[in-house]
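Working notes, structure below.
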Amino acid sequence: SQLTVPMGLAFFFGCDATTCAQPGLIRPGTENGAPGSASYNARLLANGVNVSSDGWYYAPGCAHNHSECVPVILGAQVWNHMEWCLVAKEQNLPLAITFLGWFGEILTVPALFNAGLNALFYWWQPDNTFLSFDPDMVFFSEEILDIKQFQYTRKVIWEGLAAVDEEIYDFLFKVSLTNTDMDQMMADLGTSSVGDIACNWVRNNNATWANWLRDPTYCNRGFYYNSTERLCKACQPGTVTSLFGRRGCDVCPRGTHSISLASVECEICATGTFASQEGQ
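Read in order, the letters of the sequence shown are residues -21 to -1, 1 to 259 in mature numbering (1 follows the signal peptide of the UniProt record, and there is no 0).
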């Protein structure tokens, strides 16, 4: 017999007892044909979430009449399937919730859209997977959720980068793109290469990225800005700069020395040695 799913979605998900057992079929409550684990299903039941045999959880708000349910299509099971089921249960929302795996979702959502069927579905930004459909975002009151609807984009870098190259670290620290810029980049992915998109943005946003670049006169420690040559030059042995942005090097005092170019501090002379003059 065909599976019973809300709002005519059986056209996309329906399968009989034989085909439902075949791996790889896109159907409710599975990822690549594999259903949720027994332990996960036990956790659902322990929390009062009784998933139907057709793979959908029909929340109390529409359990009496499945045709009144608003379908919620999630990607991977671990992407808050249980949490959304609990929200629908506790808030008495008229939702029917399932997961399909990300592959299943990216095939199903366009099919629903092209068929003129409405559904809620999981998505994030920046991403261009569903951007062409221009979907509306739905927000829930934060106080009813145990999960976060909003997560800020973060930059992840190697923790030792600042010590290796402070200029690159400073640049990456300042890089920031607006949501409008990122959405446009995602939209352009369908017709342009990644390289062309990046180059076009750089050409059209000089004022933005110019602020990310360090002042050329703001030299690293161990260097000073030479206004005649208009570049940063390394401090010579016997001199150092321990601060950024210096216009000259400091001479090592007597009793200390620096033997390398671009030193950032003077070293105390070892026992049995001395520096009788400055700048050694």
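Quick reminder that beta carbons are idealized off the backbone N, C-alpha and C, glycines included.
Contact set for residue i: own chain, Cβ-Cβ below 7 angstroms, skip 5 residues either direction
{"i": "A(-1)", "result": "Low per-residue confidence applies at A(-1): pLDDT is 48, beneath 50, and the placement is therefore not dependable enough to give any value."}
{"i": "R200", "result": "T220, S221, L222, F223 and V243"}
Enclosing beta strand (DSSP E) for residue i [first to last residue]
{"i": "F202", "result": "F202 to N205"}
{"i": "L23", "result": "Not the beta strand (DSSP E): L23 falls in the alpha helix (DSSP H), residues A17 to A25."}
{"i": "A213", "result": "L210 to A213"}
{"i": "P39", "result": "No beta strand (DSSP E) contains P39, which DSSP labels as neither H nor E."}
{"i": "V51", "result": "V49 to L53"}
Host alpha helix (DSSP H) of residue i (start-end)
{"i": "K153", "result": "E145 to K153"}
{"i": "A177", "result": "V173 to N183"}
{"i": "A241", "result": "Segment: none, A241 is in no alpha helix (DSSP H) and carries neither H nor E."}
{"i": "A166", "result": "N158 to D167"}
Cβ neighbour criterion (16 or more within 10 Å) applied to residue i
{"i": "L74", "result": "buried"}
{"i": "K68", "result": "buried"}
{"i": "I136", "result": "exposed"}
{"i": "C178", "result": "exposed"}
{"i": "G174", "result": "exposed"}
{"i": "E138", "result": "exposed"}
{"i": "R182", "result": "exposed"}
{"i": "N97", "result": "exposed"}
{"i": "T218", "result": "buried"}
{"i": "G251", "result": "exposed"}
{"i": "R22", "result": "exposed"}
Rounded C-alpha distance that separates residue i from residue j
{"i": "E208", "j": "Y131", "result": "43 angstroms"}
{"i": "V49", "j": "Q70", "result": "14 angstroms"}
{"i": "S237", "j": "W191", "result": "33 angstroms"}
{"i": "V66", "j": "L91", "result": "24 angstroms"}
{"i": "K212", "j": "I247", "result": "24 angstroms"}
{"i": "L240", "j": "F202", "result": "9 angstroms"}
{"i": "W103", "j": "D144", "result": "33 angstroms"}
{"i": "N29", "j": "S155", "result": "44 angstroms"}
{"i": "G27", "j": "W188", "result": "52 angstroms"}
{"i": "D106", "j": "S172", "result": "15 angstroms"}
{"i": "G15", "j": "D125", "result": "22 angstroms"}
{"i": "G54", "j": "G83", "result": "7 angstroms"}
Contact set for residue i: own chain, Cβ-Cβ below 6 angstroms, skip 5 residues either direction
{"i": "T77", "result": "P7, G8, G34 and W35"}
{"i": "N164", "result": "Looking at the sequence provided, one finds Met at residue 164 rather than Asn. Hits under 6 angstroms: I176."}
{"i": "C41", "result": "E47, C48 and P73"}
{"i": "residue 261", "result": "Nothing in the structure corresponds to residue 261, since the chain is present only between -21 and 259."}
Cut-off 8 angstroms between Cβ atoms - residues of its own chain near residue i, not counting five sequence neighbours on either side
{"i": "E146", "result": "R193 and N199"}
{"i": "F112", "result": "V88, P89 and F92"}
{"i": "Q215", "result": "C228 and L240"}
{"i": "W58", "result": "F78 and Y101"}
Check: residue i C-beta below 6 angstroms from any heavy atom of the ligand MN
{"i": "D149", "result": "By its list of ligands, the structure shown contains no ligand whatsoever, and the ligand MN lies outside what it can speak to."}
Suppose only complete runs of 4+ residues qualify. What are the alpha helix (DSSP H) ranges in the region 64 to 112, listed by chain order? 80 to 93
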